[in-house]
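A.B. asks: I am attaching a structure below and will ask some questions about it afterwards.
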Amino acid sequence: MDPDLIDPHLVFARTASGEEAMLQRTRVVQRNIRMVLILVDGNATVTELCDKTGNAQITQNALLELESDGFIERRVEKDSVWRHARNAANGTKTATLEPASEFSTFGHKAESLPAESAFSRSQVTRIIPFPESRQSRPSLTPSTLTPSTLAPTTLTPAPTATASDYGTVFLPKAASESSTPLPADTPHRKPSLLERLKALARRSPAEELAKPKFRRRGGQRLDLTWPMGLLLGLLLFAAILALAVLLFPYTRYLPEVEAVLAQSTGRTAKVGAMRVSVYPRPGLLLDSVRFGDEADSDAMEIPALRLQPVIGTLLSPKVIFREAELSEISLSAETMASLSRMLQSAARPSATAGVLHVSVVNAELSFAGLRIAGMSGDLELSGERRLEAASLRSADGKLSVQLRPTTSGVAVQLEGLGWRPAQESPYVFDSLDLKGEISGPDFVINSVESRIFDGLVRGTTVLRGSERPTMAGEISFERINVTRFGEALGIGRQFEGEARGKLKFSASADSWSVMLPALQATGDFTIQRGSLGGIDLPEAVRRVSAAPLTLGGRTRFEELSGVISLTPGAWRFSRLVLNAGLMHSSGQIEVSRDLQLRGRMDVQMRGRADHTAMPILISGPLKSPLTQTAGH
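Residue numbers for the sequence shown follow this note's numbering, so the first one is 373 and each next one is one higher.
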C-alpha cells in the first residue's frame, strides 16, 4: 500500500496483540514503530499522530506496518459526525499532512521542511533525549500521552519508552526550558565480560524470550540463543578439524615412520599407507605393514596397525605408544617368535619408539594350514615390555586360546565351551580342554579332554605339518550317545545305546580338509542297552527265508561288543557278540563308504528245543537292510 494514499482522517486503535506488545518489548523492537504504537490511543487521527512525531512519512509507514502485523486496527475510516462536530467547535479544519521537522531524527535534514508543532503552533520544537533510567518517574498510560497531558512545565515519559528504545522524543521548547537539561553526550560504560556472564546467568525465562530474533522471509522467526550459537560454533570447528585430518598429506611422512619402526623393532619396515583414524578409537592407522624382507621365512605382515601415542612424548627423543592394535594378523609359531624379538628390541633404552600395551583384533591362529579365525585379545607383556603370552578369545566367547613363547616353540592351551569348529560342522564340543606345544613343524597335543555326544573323550595326538600333513594318536571314549553320534555322521537315529572303547588312529593326506576320509583306526568297543534299527534278527530266524527280505523292525540288546577297524574304504565290525535275553548272536558286519551292508550273524535262541545257531545273512543299504537265512 502506498503511504501517500493513506487517509489522514483515519483513527487507529490498539488490538489485544498490540496491548501485549506494549508490555513485551521484544514484540516490537524498532524504535520508531514502537513509539508510534505507544501514541496510538483510539482517538488521534493520522494527522494528529504525524504532528506528534514530527515526521509524516515515518509515521505513516509505521502505522501501515503495525496494521499489517495486527497490532492496531482502524476505528474510524472517514470523517464521522463526532469528528466534524469537534472540528467545528474548535473552529479548525482538517490540516493536511505537513512535511517533517528539520529537527527530526527521521530522514535527511536537507530534504525536510519545518512542521508546525501539535503542542503549540507558536513555539519551536526542540529535541530532548529520554533519561537513561525511568524507575523513579511517574508513569502514564499510552492513551494519556496527548498535547494536553504534556504541559510545558511537566514532562513525564511513557512507561515503556526508554532512551535505548527511541533515542529522542519531540517536545515543545517551553517544556524543555522548564526541565533540567541533560548532557548531550553522556559517556556510557560498556559492561565487562564478567558482568555480562553474571547477567546471563541471572537471566529469567521472560528475558530469554526477549532476546533479538532474526526474521526470515515469509514472516517466520528464527531464534538464536547462546547455547545454540555455541553448539553451531563447535560443530563448525569439528567440521574444519575433520577436513584438516582427512586432507592432511600423511604420505610424505612415511619414510620417517618406517625409519622409526625399523630402528625400534630391529627389522626392516615397509608401510603401504598411513592416515589418522578417528572412529571407533583415535590413532595413527598404518595399512599393509611388513616387518622383514620378503625372502625371510619369518617375515611378518600386518594388514592394519593402529598406534595410539602418548601425547606428552611426541616431542621427546623416544615416542611411547599407549596401545598398538594389530588387526587381521595371522598368528603362527613363527609370528609369535618374531613379535617376541621385536618387543624385546623396542624395550631397549636406545629405541626411538616403545609400546605399553599390544592388542589383537580379528586375528587368525595358524598351524601348517589349520586355521581358527575371528580371535581377538591382548598380548601380555612383562615389566620389561617383553612378550609373555597372547590371550585370545573368539567373537562369541566360546573358545579361548593362550599362546606362550618357549625356548623351543610356543606352548598352546585351548579351552572351549559349546564350541563348534566350523559354522556348518555337526560336531559341537560341550567342553574342550587341550594342552600342547608347537615346535617347528610338529604340534604335539599332550592331553585333550572333551565332552561331546553326552560322553567323554580323552587322548593324545601328534600333528605334523610337513609337505604332506599327517596325524597319529590314540583316544578313549565312554558314555557316548550312539544316536547323536550317528546323526553327526549322517546316518540318522537308526542306532541306540551308550558306547565306550579305545582307538588308535593315524592318517596322511594332501591337506587337512581331506584328513578324516583318510583316517585309519583299530580298537574295541562296547555298546550297552541299545538297539539295531532295521534289523530284526528274531523275526529273521522265525521266517527262515532263503530269499532276501526287508523285515524292518528293531533288535534290542543288553550289550553289543566287538572290534572295530576303520579304513578309507569301509568300516569293519568283527568278533561281534550280541546278548539280548534268550537270544545270543555272534558274527561280523562291514559297512562301505557308500553305506552298503555285507555280513553274517549266527543267531541262537535259547528258549527253543533246537539250540543250533541259525546263520542270518545281512545285505543291502544301511537304511533298509535285507536279511535271509543261509544254507547249512
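The beta-carbon is built from N, C-alpha and C at its ideal position, and this holds for glycine as well.
(1) Leaving out five residues on either side along the sequence, give the residues of the same chain with a beta carbon under 6 Å from the beta carbon of residue 736.
(2) Does residue 829 pass the burial test, meaning 16 or more other C-beta atoms within 10 Å, or should it be called exposed?
(3) Less than 9 Å separating the beta-carbons of residue 832 and residue 843?
(4) Would you grab the beta carbon distance between residue 817 and residue 806 for me? Rounded to a whole angstrom, and I think it's under 8 Å.
(5) According to DSSP, simplified to helix, strand and coil, what is residue 770?
(6) Please tell me whether residue 691 and residue 715 are closer than 9 Å, where the distance is taken between their beta carbons.
(7) For a test of the three-state rule: what should DSSP assign to residue 932, helix, strand or coil?
(8) Compute the distance between the beta-carbons of residue 775 and residue 782, then report whether it is under 9 Å.
(9) Spell out the partners DSSP gives residue 726 in its beta bridges.
(10) Between which two residues does the alpha helix (DSSP H) harbouring residue 394 extend?
(11) Closest to residue 908 by CA distance: which of 851, 989 and 394 is it?
(12) What is the rounded straight-line gap between the Cα of residue 874 and the Cα of residue 936?
(13) Please report how far the alpha carbon of residue 877 lies from the alpha carbon of residue 845, in whole angstroms.
(14) Does the pairing of the region 884 to 895 with the region 859 to 869 give three or more beta-carbon distances under 8 Å?
(15) Quick check: the Cα distance between residue 911 and residue 974, rounded to an integer number of angstroms?
(16) With a 10 Å radius around its C-beta and 16 neighbouring C-beta atoms as the bar for buried, classify residue 865 as buried or exposed.
(17) What residues match up with residue 993 in a beta bridge as DSSP calls it?
(18) Taking only the alpha-carbon atoms, compute the straight-line gap between residue 379 and residue 388 and give it to the nearest angstrom.
(19) Compare the Cα-Cα distances from residue 926 to each of 903, 891 and 917 and report the closest residue.
(20) In terms of residue numbering, what span does the beta strand (DSSP E) encompassing residue 857 cover?
(21) Quick check: residue 920 and residue 969, are their CB atoms within less than 9 Å of each other?
(22) Bridge partners of residue 798, per DSSP?
(23) Alpha carbon to alpha carbon, how far is residue 835 from residue 924?
(24) Run through DSSP, which three-state label would residue 777 get?
(25) Answer with buried or exposed for residue 605, where buried requires no fewer than 16 other C-beta atoms within 10 angstroms of its C-beta.
(26) Helix or strand or just coil, what does DSSP make of residue 910?
(27) Cβ of residue 726 within 9 Å of Cβ of residue 765?
(28) For the candidate residues 598, 434, 653 and 665, whose alpha-carbon lies nearest to that of residue 639?
(29) Going by alpha carbons, who is nearest to residue 897 out of 861, 852 and 917?
(30) Closest to residue 899 by C-alpha separation, out of 857, 660 and 406, would be which residue?
(31) Is residue 661 helix, strand or coil when you go by DSSP?
(32) Using CA coordinates, which residue listed in 784, 679, 444 and 402 is at the minimum distance from residue 738?
(33) Would you mind sorting residue 443 into buried or exposed? The rule is 16 or more other CB atoms within 10 Å of its CB.
(34) Just tell me which of 685, 420 and 656 has its CA closest to the CA of residue 645.
(35) Quick one: what's got a C-beta closer than 6 Å to residue 421's C-beta in the same chain, skipping five residues either side?
(36) How is the beta strand (DSSP E) around residue 814 delimited, first residue to last?
C.D. replies: Taking the structure as given:
(1) Within the sequence shown, residue 736 is the residue found at index 364, counting from 1. Closer than 6 Å at the Cβ level, and outside the excluded window around residue 736, lie 702, 743 and 745.
(2) For the purposes of this step, residue 829 is taken as residue 457 along the sequence shown, with counting starting at 1. Buried, since its Cβ has 16 or more Cβ neighbours within 10 Å.
(3) Here residue 832 refers to the residue found at position 460 when the sequence shown is read from its first residue. Here residue 843 refers to the residue found at position 471 when the sequence shown is read from its first residue. No, Cβ-Cβ distance for residue 832 and residue 843 is not below 9 Å.
(4) Reading the sequence shown from its first residue, position 445 is the one you call residue 817. Reading the sequence shown from its first residue, position 434 is the one you call residue 806. With 8 Å as the limit, residue 817 and residue 806 qualify as a contact, their Cβ atoms being about 6 Å apart.
(5) Looking up residue 770 in the sequence shown gives position 398. Note: residue 770 maps to coil in three-state DSSP.
(6) Your numbering for residue 691 matches position 319 in the sequence shown. Your numbering for residue 715 matches position 343 in the sequence shown. No; because the gap between Cβ atoms is not below 9 Å, this pair is not in contact.
(7) For the purposes of this step, residue 932 is identified with residue 560 of the sequence shown, where counting begins at 1. Three-state result, residue 932: strand.
(8) Indexing the sequence shown from 1 puts residue 775 at position 403. Indexing the sequence shown from 1 puts residue 782 at position 410. Yes, they are a contact pair.
(9) What you label residue 726 is simply residue 354 of the sequence shown in a count that begins at 1. For residue 726, which the question treats as bridged, DSSP gives the partners 692.
(10) Position 22 of the sequence shown, counted from the start, is the residue given in the question as residue 394. Looking at the DSSP string, the run of the alpha helix (DSSP H) that includes residue 394 is 388 to 395.
(11) Working through the sequence shown from its first residue, we reach residue 908 at position 536. When only C-alpha atoms are compared, the closest one is 989.
(12) Counting from 1 along the sequence shown, the entry for residue 874 is found at position 502. Counting from 1 along the sequence shown, the entry for residue 936 is found at position 564. When rounded, the distance between both Cα atoms is 10 Å.
(13) Within the sequence shown, numbered from 1, the residue matching residue 877 stands at position 505. Within the sequence shown, numbered from 1, the residue matching residue 845 stands at position 473. Residue 877 and residue 845: Cα-Cα distance of roughly 6 Å.
(14) no
(15) Working through the sequence shown from its first residue, we reach residue 911 at position 539. Working through the sequence shown from its first residue, we reach residue 974 at position 602. About 14 Å.
(16) Along the sequence shown, one-based indexing puts residue 865 at 493. Its Cβ having fewer than 16 others within 10 Å, residue 865 is exposed.
(17) Counted from its first residue, the sequence shown places residue 993 at position 621. BP columns for residue 993 point to 968.
(18) Looking up residue 379 in the sequence shown gives position 7. Looking up residue 388 in the sequence shown gives position 16. Residue 379 and residue 388: Cα-Cα distance of roughly 24 Å.
(19) What you label residue 926 is simply residue 554 of the sequence shown in a count that begins at 1. Cα-wise, what sits closest to residue 926 is 903.
(20) On the sequence shown, residue 857 is found 485 positions in, with the first residue counted as 1. Element bounds for residue 857: not the beta strand (DSSP E) but the alpha helix (DSSP H), 854 to 861.
(21) The residue you call residue 920 lines up with position 548 of the sequence shown. The residue you call residue 969 lines up with position 597 of the sequence shown. No; because the gap between Cβ atoms is not below 9 Å, this pair is not in contact.
(22) One-based indexing of the sequence shown puts residue 798 at position 426. In DSSP, residue 798 forms no bridge with anything.
(23) Within the sequence shown, residue 835 is the residue found at index 463, counting from 1. Within the sequence shown, residue 924 is the residue found at index 552, counting from 1. Roughly 43 Å separates the two Cα atoms.
(24) Here residue 777 refers to the residue found at position 405 when the sequence shown is read from its first residue. Of the three classes helix, strand and coil, the one that applies to residue 777 here is strand, per DSSP.
(25) In the sequence shown, the residue the question calls residue 605 occupies position 233. Result: exposed.
(26) In the sequence shown, the residue the question calls residue 910 occupies position 538. Residue state, collapsed to three classes: helix.
(27) Residue 726 sits at position 354 when you count from the first residue of the sequence shown. Residue 765 sits at position 393 when you count from the first residue of the sequence shown. No.
(28) As a position in the sequence shown, residue 639 is number 267, starting the count at 1. The residue with the shortest Cα to Cα distance from residue 639 is 665.
(29) Counting from one through the sequence shown, the residue named residue 897 turns up at place 525. If we check each option's Cα against that of residue 897, 852 comes out closest.
(30) Within the sequence shown, residue 899 is the residue found at index 527, counting from 1. Closest option to residue 899, Cα to Cα, is 857.
(31) As a working note, residue 661 is residue 289 in the sequence shown. Note: residue 661 maps to strand in three-state DSSP.
(32) Sequence index remark: in the sequence shown, residue 738 carries index 366 (1-based). Answer by Cα proximity: 784.
(33) Sequence index remark: in the sequence shown, residue 443 carries index 71 (1-based). When all chains shown are included, residue 443 counts as buried.
(34) Reading the sequence shown from its first residue, position 273 is the one you call residue 645. Per the C-alpha coordinates, the member of 685, 420 and 656 positioned closest to residue 645 is 656.
(35) One-based indexing of the sequence shown puts residue 421 at position 49. Cβ within range, chain order: 411 and 431.
(36) Position 442 of the sequence shown holds residue 814. From DSSP, the beta strand (DSSP E) with residue 814 extends over 814 to 824.
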